[in-house]
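With UniProt numbering applied, the sequence shown covers 1 to 162. The block underneath contains the structure these notes are about, expressed in C-alpha cells.
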Amino acid sequence: MTITLIAAAAENNALGKDNKLLWHLPDDFKHFKAKTSHHTIIMGRKTFETFPKPLPNRKHIVITRQLDYVVPEGCVVVHALSEAFDLVKDEQEVFVIGGGEIYKQALPFAHKIELTRVHHTFDADAFFPEFNQDLWVLEKEEYHEKDEKHFYAFTILTYTKK
C-alpha cells in the first residue's frame, strides 16, 4: 500500500485558519480531485467538518477522539491513525488529506507527498509539518502562474521517499 500525503501549504507551511482554507485555487482543487477520486481519503474530524458533504467517489475515514462521533453513511470513524491504516492495508494507494496534526502523525509512514506550495505566507493556526528533504526525491514540479482565477501562484510538487 502506498500512503500519500496530499496538501496545499503556503511558503510558511500554513494550511488554514479557523478550520478554513486561506486561498481558492481551482486548478489545485482539480489536481486534488484527480488524485483522490476512487481512493480512500483519511482525515481528522476538523478537516471532515469543513466539507459541506462527503466528497463524491471517495471512501472517507475520519479520525477523532470522540467516541460517539456520527458520520454520514459511507464514512467510517476510527480513533487512531493506526486503525485507519489497518482498514486500508489491502488498498493500492490511500491519501491522507489533513489536517496539520494528522499529517504530522502520518509523515513517518508516508511513501509519497503531493504538495501544492502556495507562493505566499499567511497567518494560520494549522501547518503542514516540516519534512527532511534529504529523505525525499522531488519527482515532478508543475508551476502555475497567478491569473484571474488564481490569486496566488503555486507549484505542485510530487515527492517520493528515498
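Built from N, CA and C at the ideal position, the CB exists for glycine as well. This one's a predicted model, so the numbers in the text were calculated from it and none came from an experiment.
Residue i to residue j span [Cα, whole Å]
i           : j      : result
Met43       : Thr116 : 17 Å
Asn12       : Val118 : 9 Å
Lys35       : Asp68  : 31 Å
Lys17       : Glu93  : 29 Å
Met1        : Tyr159 : 16 Å
Lys59       : Ala124 : 28 Å
residue 203 : Leu157 : Absent from the structure is residue 203, since the part of the chain shown begins at 1 and ends at 162.
Asp134      : Phe51  : 34 Å
Ala84       : Asn57  : 18 Å
Ala7        : Asp86  : 22 Å
Val77       : Lys149 : 35 Å
His24       : Phe151 : 8 Å
Ala106      : Phe122 : 24 Å
Lys33       : Phe109 : 23 Å
Lys20       : Ala14  : 11 Å
Val70       : Pro26  : 30 Å
Residue i: first and last residue of the uninterrupted beta strand (DSSP E) it sits in
i     : result
Thr40 : Thr40 to Gly44
Leu15 : Ala14 to Lys17
With 16 other Cβ atoms within 10 Å as the buried cut-off, status of residue i
i      : result
Thr40  : buried
Phe131 : buried
Glu114 : buried
Met28  : In the sequence as presented, Met is not what sits at residue 28; that position holds Asp. Asp28 should be labelled buried.
Val88  : buried
Gly74  : exposed
CB contact below 9 Å: residue i versus chain D
i     : result
Asp18 : No chain D appears in this structure, which consists of one protein chain only.
Candidates the options, of which the one nearest residue i by Cα
i      : options                           : result
Leu81  : Trp23, Ala14 and Tyr103           : Tyr103
Glu49  : Asn57, Ser37, Ile63 and His38     : Ile63
Thr155 : Lys162, His31 and His144          : His144
Val137 : Phe151, Lys162, Pro129 and Lys146 : Lys162
Arg65  : Cys75, Glu73 and Lys46            : Lys46
His38  : Glu91, Ala110, Glu139 and Pro108  : Glu91
His31  : Phe128, Glu142 and Tyr152         : Glu142
Lys112 : His120, Phe122 and Ile97          : Ile97
His120 : Pro26, Ala153, Thr4 and Val70     : Ala153
Leu5   : Asp147, Leu22, Gly100 and Lys146  : Gly100
Run through the UniProt domain "DHFR" (2-161) for me and flag every whole alpha helix (DSSP H) of 4 or more residues, listed as ranges in chain order. 26-36, 45-48, 81-87 and 100-106
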